[in-house]
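Q: Quick note on numbering: the sequence shown equals residues 955 to 1165 in my numbering. Where a beta carbon is used, it is the ideal one built from N, C-alpha and C, also for glycine. Keep in mind that this is a model prediction, so the values were computed, not measured.
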Amino acid sequence: AAIQAALTYATPSSSTTFVATGGKSVHLPAGKYKISGELSIPAFVNLIGEGKGISTIVCSTSGSKVKYSDRSTENRGGLSKGFTIDGNDVSTNPLFIGLAVEREFSDIDVVDSAADGLIIEAAQNCVFTACGFQHNGSTGTGSNIAIDYGAGNNRFVGCEINRGAQNNVRFRQSGTSPSGAFTVPTQNRFYGCMIERFDNESNFNATIFHG
């Protein structure tokens, strides 16, 4: 609740589609922060920790997650960097990115989800740099990264995507794409990433899977 209050306070006083006035940064000092529900990051607000494994958000329920809007409400701009999101083998989706546009994610780890680690639904033109997605999913279900609906033109640069339960990266379309998005995941790119290994060979579909 305290972190959410800070994020809400940091919300810009006014904004248009492309420009925000008064957007601020919320800083996570070194330590562990337990969340029991959704932590909603507003448009144009930065969330800055001190590094992977130094500032750690620990999920304590299946529904706890760090969320950047839903798949139908635009969430534009802002930088998130320098923290770990620990699914604690209970959260079914520690990091959820809806219709985010031109957001930057850097130096973030997502680990130990009970299902998918990162779900991207309809996000456009986001960049993930030096992020890690590891040990997500359980008993042959769940991927490190699931790219869904009409997510497009997102870039992963120098990321480590490792030891997913069912897939490391899964492209899918589970419903009708929202207005303004592609009809299917399109033109998502991976540059200099390490995508390898799996947790359970008997239940593993593929390192990268479409469908």
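Which whole-angstrom value describes the C-beta separation of residue 1059 and residue 1080, a residue pair presumed to lie in contact below a C-beta threshold of 8 Å?
A: Their Cβ separation, rounded to whole angstroms, is 7 Å, which keeps residue 1059 and residue 1080 in contact under 8 Å.
Q: Is residue 968 near the ligand ATP, in the sense that its beta carbon is under 7 Å from a heavy atom of that ligand?
A: With respect to the ligand ATP, the structure shown offers nothing to examine, as it has no ligands at all.
Q: Note down the Cα distance separating residue 968 from residue 1160, rounded to an integer number of angstroms.
A: Residue 968 and residue 1160: Cα-Cα distance of roughly 45 Å.
Q: Leaving out five residues on either side along the sequence, give the residues of the same chain with a beta carbon under 6 Å from the beta carbon of residue 1089.
A: Answer for residue 1089: 1065, 1066 and 1117, listed in chain order.
Q: Tell me whether the beta-carbon of residue 1021 lies closer than 8 Å to the beta-carbon of residue 992.
A: In this structure, residue 992 lies closer than 8 Å to residue 1021 by Cβ.
Q: Looking at residue 1101 and residue 1142, is the spacing between their C-beta atoms short of 8 Å?
A: In contact: residue 1142 and residue 1101 (Cβ atoms closer than 8 Å).
Q: Short check: CB of residue 983 to CB of residue 1013, under 8 Å?
A: For residue 983 and residue 1013, no; Cβs fall outside 8 Å.
Q: Helix, strand or coil: which one does DSSP assign to residue 1137?
A: It is coil, neither helix nor strand.
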